[in-house]
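Asks:
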Amino acid sequence: MKKNQQAVWSLVGLFLLAPFLALAQPTTPPPATSQYSLEQCLQFALQNQPLLRQARIDEEANEATIRIGLAGWLPQVGLNATGQHYFQLPYTVFPNAEGVNVPRQIGLRNTSTIGLAATQTIYNNDVQLALRSARPSRLFYQQNSTSARIDVVSGVSKAFYDVLLSQRQLDVLSEDIVRLQRSLQDARARYDAGIVDKIDYKQAEISLNNSIVARKQAVEAIKAKSAYLKELMGLPGQQPLTLQYDTLRLMRDAVVDTTVALETANRIEIQQLQTQKVLQEAQISYYRWGFLPSLSAFGNYNSLFQNNNFGDLYSQRFPSSYAGLQLSLPIFQGGRRLQNLRRERLTDQRLDQDIIATRNRINTEFEQALATYKGYYADYLIGQRNLALSKEVYSVVNLQYREGIKTYLDLIVAQTTLRTAQLNYYSALFQVLSSKVDLLRAQGSLATAY
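Quick note: the sequence shown, position 59, residue 58 per numbering that gives the first Met the number 0, numbers continuous.
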């Protein structure tokens, strides 16, 4: 029975501590052995990126600020208590029967007052401003979070493609090194057999050394670019990161509809400025109606305790209560309200100019992104064709070299052309994908939900 009771109490304690244990646990990173696609990288970033967490914290802080402002519409209730002891009672003057003023002590030595006071705002310009600003303020901070999500999605996507490009460049260089090593062996064997002089295998060795250096540079570039991708994702630096991708899907993703017209209203920057306009209109209304009086109701209930003997102070109570209305009307403020109103109207006009300038900038960004995408896409299509041609040329030249028809210089040129075509193709592919991200962002259609 005792063991059962201990088990029950242990379970109760576990349930009580569960919320605190959950709060104490840090965010668990993904398993070190898993591979991450672009979608998985974006999902992790949207949950763990510090900038997004800060944006969500800002939303919560703004919500608290809104509730503080709206609290002015609720009744304000307070309890006041005082206690005092007179060492010398105060005097007052009373006329006697002969009309002579005689000083007399009044009151009792121990006095205590306990009062309950309540006020209710009926109309007040400050709390009215809080009410007008609540909804657009929430929207503004939500739009800030959306803007941060767009930045994260754009940055992580482009960094993901940048790492993949370096990895594919590394693969191309590794394949080139294998070909050059085989060519070096063939050239050395021909030289040892006395068929050719040593120039061929010396050239092969030079080309091999250059490719080895390029591969080392690619390896180091992958480390640096992976670290940058981890930073954008909010992934700890010591956490391994292995990327997963499908080449055929990347090729399909490279295509985007370039006939879509630009709608500046879809851009988050315009939406934020429009929300600022609404908030500014609330400020203008605040100063425009600043001459209106403030009206509030109040009520008080007091209990007075008096006695010369401190021990009997609270033996008898003398209650009093009252209620009323308070009206506060500003009559003259030295022109402050009018100047504040003028300033807020000028700020509103400035926001109008910000909207015009932002729309012009968005149009320029869209045209630049569209031109960049079209240029890279044309390069990508040509790169596909050149890669197929260079593979065919290398196969033929390599076969002819082995049969003694072509010289080693022709083989080196074919190998270099093939490597260049491979590097250019993958560079164009990932540049197209990165420029597509910029184009979708310029259109205001970049997806942020994963």
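Idealized CB from N, CA, C, for every residue including glycine.
1) Can you name, in chain order, every residue of its own chain whose Cβ lies under 8 Å from the Cβ of S320, other than the five neighbours on each side?
2) Among A322, D378 and Q338, whose alpha-carbon lies nearest the alpha-carbon of R287?
3) Spatial neighbours of P25 within its chain, please: CB distance less than 8 Å, with the 5 preceding and 5 following residues excluded, ordered by chain position.
4) Would you check if there are 3 or more beta carbon pairs closer than 8 Å linking the stretch 181 to 191 to the stretch 199 to 212?
5) DSSP three-state call for A450: helix, strand or coil?
6) Between the Cα of L422 and the Cα atoms of Y449, G374 and I381, which residue gives the shortest distance?
7) Considering Cα atoms alone, identify which of Y85, E97 and T118 is closest to Q108.
8) L207 and Q180 look like a contact to me (Cβ under 8 Å); what is the Cβ gap, rounded to whole Å?
9) How would you label Q127, buried or exposed, when you count the other beta carbons within 10 angstroms and need 16 or more for buried?
10) Quick check on this structure: which residue in E402, A413 and E280 has the alpha carbon closest to the alpha carbon of E391?
11) Does the pairing of the stretch 143 to 161 with the stretch 224 to 238 give three or more beta-carbon distances under 8 Å?
12) Evaluate Q442 with the Cβ neighbour count: other Cβ atoms within 10 Å of its Cβ, from every protein chain shown; 16 or more gives buried, anything less gives exposed.
13) Just how far apart, CA to CA, sit A60 and I267?
14) Between K405, I149 and L130, which has its C-alpha nearest W72's C-alpha?
15) Only counting runs of 3 or more residues, tell me where the beta strand (DSSP E) segments fall wholly within the stretch 102 to 137, in order along the chain.
16) Which residues does DSSP list as the beta-bridge partners of Y376?
17) Quick check: the stretch 228 to 239 against the stretch 404 to 411, are at least 3 beta-carbon pairs closer than 8 Å?
18) Between which two residues does the alpha helix (DSSP H) containing F429 stretch?
19) According to the Cβ coordinates, are S146 and I65 closer than 8 Å?
20) Going by C-alpha to C-alpha distance, which of F43, S156, R344 and L438 sits closest to A260?
21) Whole angstroms is fine: what's the gap from N95's alpha carbon to L303's?
22) Hey, L115 and Q104 are a contact pair by Cβ (cut 8 Å); roughly how many whole angstroms apart?
23) With a threshold of 16 other CB atoms inside 10 Å of the CB of R148, please say whether the residue is buried or exposed.
24) In chain order, what residues of the same chain have a beta carbon less than 8 Å from the beta carbon of L445, not counting five sequence neighbours either side?
25) Where do the N-terminal and C-terminal ends of the alpha helix (DSSP H) with A44 fall, by residue?
26) Which one or two residues does DSSP pair with Y300 in a beta bridge?
27) Any contact between the stretch 347 to 361 and the stretch 242 to 258? By contact I mean 3 or more CB pairs, one from each, below 8 Å.
28) DSSP on T27, reduced to helix/strand/coil?
29) Taking 8 Å as the cut-off, does the stretch 394 to 406 touch the stretch 359 to 370 (at least 3 CB pairs, one atom from each stretch)?
30) Using the Cα positions of T246 and E204, report the straight-line distance between them to the nearest angstrom.
31) So, at 6 Å on beta carbons, what are the nonlocal neighbours of Y122 in its own chain, with the 5 sequence-adjacent residues on each side left out?
Replies: Reading it off the structure:
1) As a working note, residue 320 is residue 321 in the sequence shown. Cβ within range, chain order: G298, N299, Y300 and N301.
2) If you number the sequence shown from 1, residue 287 lands on position 288. Closest by alpha carbon: Q338.
3) Looking up residue 25 in the sequence shown gives position 26. The predicted position of P25 is uncertain, since its pLDDT is 43 and thus under 50; a value taken from the coordinates is nonetheless stated next. Once the five neighbours on either side are set aside, P25 has no close Cβ partner at all.
4) yes
5) Since the first residue of the chain shown is 0 and the last is 449, residue 450 is not available in this structure.
6) As a working note, residue 422 is residue 423 in the sequence shown. Comparing Cα-Cα distances from L422 to each of Y449, G374 and I381, the minimum goes to I381.
7) Counted from its first residue, the sequence shown places residue 108 at position 109. It should be noted that the sequence gives Arg, not Gln, for residue 108. The candidate whose alpha carbon is nearest that of R108 is Y85.
8) Stepping through the sequence shown from its first residue, residue 207 is reached at position 208. Stepping through the sequence shown from its first residue, residue 180 is reached at position 181. Correct: roughly 6 Å between the Cβ atoms.
9) Residue mapping note: residue 127 aligns to position 128 of the sequence shown, counting from 1. Buried is the call here.
10) Residue mapping note: residue 391 aligns to position 392 of the sequence shown, counting from 1. With distances taken between Cα atoms, E391 lies closest to A413.
11) yes
12) Residue mapping note: residue 442 aligns to position 443 of the sequence shown, counting from 1. So Q442 ends up on the buried side.
13) Stepping through the sequence shown from its first residue, residue 60 is reached at position 61. Stepping through the sequence shown from its first residue, residue 267 is reached at position 268. Between A60 and I267, the C-alpha separation is close to 21 Å.
14) Mapped onto the sequence shown, residue 72 falls at position 73. If we check each option's Cα against that of W72, L130 comes out closest.
15) 109 to 122
16) The sequence position of residue 376 within the sequence shown is 377, counting from 1. Its beta-bridge partners do not exist; DSSP assigns none.
17) no
18) Taking the first residue of the sequence shown as 1, we reach residue 429 at position 430. Counting along the chain, the alpha helix (DSSP H) containing F429 begins and ends at Y407 to Q442.
19) For the purposes of this step, residue 146 is identified with residue 147 of the sequence shown, where counting begins at 1. For the purposes of this step, residue 65 is identified with residue 66 of the sequence shown, where counting begins at 1. Contact flag unset, no.
20) Mapped onto the sequence shown, residue 260 falls at position 261. The shortest C-alpha separation from A260 is found at L438.
21) In the sequence shown, residue 95 corresponds to position 96, counting from 1. In the sequence shown, residue 303 corresponds to position 304, counting from 1. About 29 Å.
22) On the sequence shown, position 116 is the one that residue 115 refers to. On the sequence shown, position 105 is the one that residue 104 refers to. Incorrect: roughly 31 Å between the Cβ atoms, too far for contact.
23) As a working mapping, residue 148 is identified with position 149 in the sequence shown. Result: buried.
24) The residue labelled residue 445 in the question sits at position 446 within the sequence shown. Hits under 8 Å: I149, V152, S153, V436 and L439.
25) Mapped onto the sequence shown, residue 44 falls at position 45. Unbroken alpha helix (DSSP H) run through A44: L37 to N47.
26) What you label residue 300 is simply residue 301 of the sequence shown in a count that begins at 1. Answer is L115 and S320.
27) no
28) Reading the sequence shown from its first residue, position 28 is the one you call residue 27. Here the model assigns T27 a pLDDT of 46, short of 50, so the residue's position is not dependable, and the following value carries that caveat. The answer is coil: DSSP assigns T27 none of H, G, I, E or B.
29) no
30) Numbered from 1 along the sequence shown, position 247 holds the residue referred to as residue 246. Numbered from 1 along the sequence shown, position 205 holds the residue referred to as residue 204. Roughly 33 Å between the two C-alpha positions.
31) Start at 1 with the first residue of the sequence shown, and residue 122 comes out as number 123. Correct list, in chain order: L294.
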